[in-house]
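In the working numbering, the protein residues as written are 70 to 179.
Just below is one structure, and these are the notes that go with it.
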């Protein structure tokens, strides 16, 4: 979607009664919530996605669906959360332990 198209859509959205807007990737300011239905393939993309809620002095909340299919990325996510002084869910720590026993584990590039 072009930037012009995004801006037109955002303008229409802001003047409507809708409370939900879905974007795959957009540069929008003052976002209160980000919901990731899939965890990206690397932590840099994750940080980019959730960063939409923290532009300038704004604050927001990010939710991410993280399943056992993502277990091999648990270590990376834990590092991001700790670096940001966020709580790490104990289930995520369990996934990290589980991932170390999975066959075919690949290293992530940072």
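Ideal Cβ positions, reconstructed from N, Cα and C, are used throughout, including at glycine.
Whole-Å CB distance - residue 126 paired with residue 103, under 8 Å assumed: Numbered from 1 along the chain shown, position 57 holds the residue referred to as residue 126. Numbered from 1 along the chain shown, position 34 holds the residue referred to as residue 103. The pair is not a contact, with the Cβ atoms about 17 Å apart (cut-off 8 Å).
Run through the DSSP bridge pairs and tell me what residue 104 is partnered with. As a first step, residue 104 is located in the chain shown; it is residue number 35 there, counting from the start. Answer is 132, bridged to residue 104.
Which class does residue 165 belong to by DSSP, given the choice of helix, strand or coil? On the chain shown, residue 165 is found 96 positions in, with the first residue counted as 1. Correct three-state label for residue 165: helix.
Within a Cβ cutoff of 7 Å, which residues of the same chain sit near residue 136, ignoring the five residues on either side of it in sequence? Counting from 1 along the chain shown, the entry for residue 136 is found at position 67. So the list is empty, once near-sequence residues are dropped.
N-terminal and C-terminal residue of the alpha helix (DSSP H) that residue 142 is part of: In the chain shown, counting from the first residue as 1, residue 142 sits at position 73. Premise fails: residue 142 is in no alpha helix (DSSP H) and is neither H nor E.
Under 9 Å between C-beta atoms of residue 150 and residue 139: Working through the chain shown from its first residue, we reach residue 150 at position 81. Working through the chain shown from its first residue, we reach residue 139 at position 70. No, the Cβ-Cβ distance between residue 150 and residue 139 is not below 9 Å.
If contacts are defined as beta-carbon pairs under 8 Å, then residue 101 and residue 129 qualify, I think. What distance do you get, rounded to the angstrom? As a first step, residue 101 is located in the chain shown; it is residue number 32 there, counting from the start. As a first step, residue 129 is located in the chain shown; it is residue number 60 there, counting from the start. Between residue 129 and residue 101 the Cβ distance is about 5 Å, and since that is below 8 Å, they are a contact.
Applying the criterion that 16 or more other CB atoms from any shown protein chain within 10 Å of the CB defines a buried residue, is residue 160 buried or exposed? Translated into the one-based positions of the chain shown, residue 160 becomes position 91. It counts as exposed.
Taking the CB atoms as reference points, tell me whether residue 114 and residue 134 lie closer together than 9 Å. Walking along the chain shown from the start, residue 114 turns up at place 45. Walking along the chain shown from the start, residue 134 turns up at place 65. No, they are not a contact pair.
Should residue 153 be labelled buried (16 or more other beta-carbon atoms within 10 Å of its own) or exposed? As a working mapping, residue 153 is identified with position 84 in the chain shown. Exposed, by the Cβ-count rule.
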